[in-house]
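Working notes, beginning with the structure itself.
Protein chains in written order, with the working numbering: chain A, 62 to 257; chain B, 35 to 424.
This is the structure:
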């Protein structure tokens, strides 16, 4: 029986860290810790002595881990970048998912792979959720702006809502722009003109 | 004309300017390219995304491809530096507490004299100075080690990696006593009241090569035309940036939300070389604080690859000669000549030289006619002679 692995997830956003940790729990009984503070990272890592460190590819603190990965003093744990030893597909999948892993020297690839697979899946899921949320928010914002633009037109030209929308749409088509963009410009201009 | 899309990664610093200006002011389009610029969070990210083929080119610390060539990084496809993007642009800062002690001992923060500043720091500093640098393969680290080494610190300083955006915080938390970082992050720490600027990088080494344009060697071989177009676009952006009157405009562009996302005034300090050195508002003017073009600033001297390689090899206990040979092969003076000759770049006769020999700008013979080389002396007169010509 292999010993439990000690895994550290470095992630300042708790909403993001939680599903990753859940994903890792599903695949085995490992000791998982989250580090969320950015300062003192080297010290925390030294305390936990993890077998694997998972971190967002774009996290600035990665550059601190890079230094640890090269340190090889007698009391330090040798750590290697995962990309050193893995198959190319898995490495690429991880980079594409926006994740990087640092692995203690000598850990067998078959022990690393399921953990990285799980993390990659959760990273993708989180990215998708965030993209969806952003899209929903943007759509809501746009609808608000379009409603305000319609109100401006209805008042200024004495037309009804349907005619106001038709006018916005026609202008957008003529200008080769999106309705929301035209609405935004109109609202901005109306704001400037009304501030006497 | 249909534009070819190229993905470039950059880390938000003022010296990413050549990439951003090339995209914004049409230098890229002029070469038939559309830049898709990706703002990155870590230097390791630039390297890994380049290695995985998710970007075609990266704004990278000049010593990084050297270390990679020496095997001090993950196993990735070969990475080549095809031109420098900038020289200088770094500043050395000390904590507010240390600055106060130095002032009590009579230091005037002239932001000029590296020996005087080093001696003042040595008198005021704790027994073992803790120094923050952005990466363990960086010009910042080399500057600090060289400078502190020459200034006779008894104990070697403890050098720690701190991501540039966290430099001020790390100093505020008392984790470092001093740091060296690229602008705007030093100025940002001054504005937060936690640091005072002690020296520009150029006071230690007159032309410290800072960032390079790095591509995968297999991409260069497969896409020679795109490589040339990319280099010419960025080289012309650098030429535009070194017209002094353009620096304010550059600061405006860089400060936009999609790029550095900070007040233009902050980006302007480094770009114009007018730096506020203390929270109380003292200004120092440093001509040539950061260079993007003038004096062959972009020429990727193989002797600089050797200089970095030798220093890194000593630190990691590797054989220096082998390291230098390997590193020099990754600084592609051949591509620089091939792709920038027709664009009008002045080309030196040799590809390696004595580093640190010029105490002032000097006119020298070029491939054709004459050219001016920037002063590149170290403050202590150190010169470095590469053991091989290429």
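The beta-carbon is built from N, C-alpha and C at its ideal position, and this holds for glycine as well.
Out of the options, state which residue places its alpha-carbon closest to the alpha-carbon of residue i.
{"i": "residue 124 of chain B", "options": "B:92, B:187, B:166", "result": "B:166"}
{"i": "residue 87 of chain A", "options": "A:226, A:176, A:105", "result": "A:176"}
{"i": "residue 231 of chain B", "options": "B:117, B:342, B:44, B:136", "result": "B:136"}
{"i": "residue 158 of chain B", "options": "B:54, B:147, B:139", "result": "B:139"}
{"i": "residue 250 of chain A", "options": "A:193, A:226, A:213", "result": "A:213"}
{"i": "residue 118 of chain A", "options": "B:392, B:308, B:81", "result": "B:81"}
{"i": "residue 248 of chain A", "options": "A:82, A:227, A:205, A:210", "result": "A:210"}
{"i": "residue 194 of chain B", "options": "A:80, A:65, A:125", "result": "A:125"}
{"i": "residue 326 of chain B", "options": "B:338, B:284, B:352", "result": "B:284"}
{"i": "residue 97 of chain B", "options": "B:277, B:355, B:346", "result": "B:346"}
{"i": "residue 40 of chain B", "options": "B:67, B:103, B:128, B:420", "result": "B:67"}
{"i": "residue 335 of chain B", "options": "B:203, B:383, B:45", "result": "B:383"}
{"i": "residue 86 of chain B", "options": "B:55, B:43, B:224", "result": "B:43"}
{"i": "residue 381 of chain B", "options": "B:368, B:392, B:393", "result": "B:368"}
{"i": "residue 296 of chain B", "options": "B:362, B:225, B:392", "result": "B:225"}
{"i": "residue 96 of chain A", "options": "A:128, A:123, A:201", "result": "A:123"}
{"i": "residue 186 of chain A", "options": "A:76, A:89, A:67, A:64", "result": "A:76"}
{"i": "residue 294 of chain B", "options": "B:160, B:205, B:309, B:222", "result": "B:222"}
Beta carbon of residue i, beta carbon of residue j: below 8 Å?
{"i": "residue 245 of chain B", "j": "residue 119 of chain B", "result": "yes"}
{"i": "residue 242 of chain B", "j": "residue 107 of chain B", "result": "no"}
{"i": "residue 410 of chain B", "j": "residue 389 of chain B", "result": "yes"}
{"i": "residue 373 of chain B", "j": "residue 262 of chain B", "result": "yes"}
{"i": "residue 181 of chain B", "j": "residue 208 of chain B", "result": "no"}
{"i": "residue 49 of chain B", "j": "residue 307 of chain B", "result": "no"}
{"i": "residue 59 of chain B", "j": "residue 157 of chain A", "result": "no"}
{"i": "residue 183 of chain A", "j": "residue 84 of chain A", "result": "yes"}
{"i": "residue 237 of chain B", "j": "residue 146 of chain B", "result": "yes"}
{"i": "residue 114 of chain A", "j": "residue 71 of chain A", "result": "yes"}
{"i": "residue 116 of chain B", "j": "residue 249 of chain B", "result": "yes"}
{"i": "residue 340 of chain B", "j": "residue 218 of chain B", "result": "no"}
{"i": "residue 91 of chain B", "j": "residue 264 of chain B", "result": "yes"}
{"i": "residue 54 of chain B", "j": "residue 254 of chain B", "result": "no"}
{"i": "residue 233 of chain B", "j": "residue 148 of chain B", "result": "yes"}
{"i": "residue 80 of chain A", "j": "residue 76 of chain B", "result": "no"}
{"i": "residue 187 of chain B", "j": "residue 163 of chain B", "result": "yes"}
For residue i, report the span of its beta strand (DSSP E) as first-last.
{"i": "residue 213 of chain B", "result": "212 to 216"}
{"i": "residue 94 of chain A", "result": "92 to 96"}
{"i": "residue 138 of chain B", "result": "Segment 130 to 138 is the alpha helix (DSSP H) holding residue 138 of chain B; no beta strand (DSSP E) there."}
{"i": "residue 243 of chain A", "result": "That residue, residue 243 of chain A, is in no beta strand (DSSP E); its alpha helix (DSSP H) goes 240 to 255."}
{"i": "residue 71 of chain A", "result": "67 to 71"}
{"i": "residue 193 of chain B", "result": "192 to 195"}
{"i": "residue 244 of chain B", "result": "243 to 250"}
{"i": "residue 164 of chain A", "result": "160 to 165"}
{"i": "residue 120 of chain B", "result": "113 to 122"}
{"i": "residue 310 of chain B", "result": "308 to 310"}
{"i": "residue 397 of chain B", "result": "396 to 399"}
{"i": "residue 79 of chain B", "result": "Note, residue 79 of chain B: premise wrong, no beta strand (DSSP E); alpha helix (DSSP H) at 77 to 85."}
Mind pulling the chain B residues with CB within less than 7 Å of residue i?
{"i": "residue 119 of chain A", "result": "74, 75, 76, 79"}
{"i": "residue 122 of chain A", "result": "197"}
{"i": "residue 197 of chain A", "result": "Ordered by position in chain B, no residue passes the 7 Å Cβ test against residue 197 of chain A, which lies about 22 Å from the chain."}
{"i": "residue 77 of chain A", "result": "Within chain B, no residue comes near residue 77 of chain A; the closest Cβ sits about 14 Å away, beyond 7 Å."}
{"i": "residue 153 of chain A", "result": "86"}
At what residues does the alpha helix (DSSP H) containing residue i begin and finish?
{"i": "residue 261 of chain B", "result": "258 to 275"}
{"i": "residue 68 of chain B", "result": "Taken as a continuous stretch (DSSP letters only), residue 68 of chain B belongs to no alpha helix (DSSP H), being part of the beta strand (DSSP E) at 67 to 73."}
{"i": "residue 38 of chain B", "result": "Unbroken run through residue 38 of chain B is the beta strand (DSSP E), 38 to 44; no alpha helix (DSSP H)."}
{"i": "residue 222 of chain A", "result": "222 to 236"}
{"i": "residue 371 of chain B", "result": "367 to 374"}
{"i": "residue 215 of chain A", "result": "170 to 218"}
{"i": "residue 154 of chain B", "result": "148 to 158"}
Compute the beta-carbon to beta-carbon distance between residue i and residue j, rounded to the nearest angstrom, for a pair I have assumed lies under 8 Å.
{"i": "residue 423 of chain B", "j": "residue 275 of chain B", "result": "Going by Cβ atoms, the distance from residue 423 of chain B to residue 275 of chain B rounds to 31 Å, so no, they are not a contact pair."}
{"i": "residue 34 of chain B", "j": "residue 386 of chain B", "result": "The structure shown does not extend to residue 34 of chain B, since chain B is modelled only from 35 to 424, so the question has no answer here."}
{"i": "residue 229 of chain A", "j": "residue 217 of chain A", "result": "Their Cβ separation, rounded to whole angstroms, is 13 Å, which puts residue 229 of chain A and residue 217 of chain A out of contact at 8 Å."}
{"i": "residue 318 of chain B", "j": "residue 324 of chain B", "result": "Not really, about 14 Å apart at Cβ, beyond 8 Å."}
{"i": "residue 102 of chain B", "j": "residue 95 of chain B", "result": "Contact doesn't hold; Cβ gap of about 11 Å is too wide."}
{"i": "residue 109 of chain A", "j": "residue 69 of chain A", "result": "6 Å"}
I want to verify the contact list: residues of chain A whose CB lies under 7 Å from the CB of residue i, in sequence order.
{"i": "residue 170 of chain B", "result": "127, 128, 131"}
{"i": "residue 369 of chain B", "result": "In chain order: nothing, as chain A lies at least about 26 Å away."}
Applying a beta-carbon distance threshold of less than 8 Å, which residues of chain A neighbour residue i?
{"i": "residue 276 of chain B", "result": "By Cβ distance, chain A contributes nothing, its closest Cβ being about 29 Å from residue 276 of chain B, past 8 Å."}
{"i": "residue 58 of chain B", "result": "Within chain A, no residue comes near residue 58 of chain B; the closest Cβ sits about 21 Å away, beyond 8 Å."}
{"i": "residue 82 of chain B", "result": "118, 144, 156, 161"}
{"i": "residue 204 of chain B", "result": "100"}
{"i": "residue 209 of chain B", "result": "100, 101"}
{"i": "residue 106 of chain B", "result": "131"}
{"i": "residue 113 of chain B", "result": "In chain order: nothing, as chain A lies at least about 14 Å away."}
Could you tell me if the beta carbon of residue i falls within a distance shorter than 7 Å of some heavy atom in the ligand ADP?
{"i": "residue 121 of chain A", "result": "Within the structure as shown, the ligand ADP is missing, as the structure has no ligands at all."}
Applying a beta-carbon distance threshold of less than 9 Å, which residues of chain B neighbour residue i?
{"i": "residue 191 of chain A", "result": "Chain B residues near residue 191 of chain A: none, gap ~16 Å exceeds 9 Å."}
Selection of the segment 289 to 303 of chain B by Cβ proximity to chain E, strictly under 8 Å:
Here chain E cannot be found, since the structure's protein chains are A and B.
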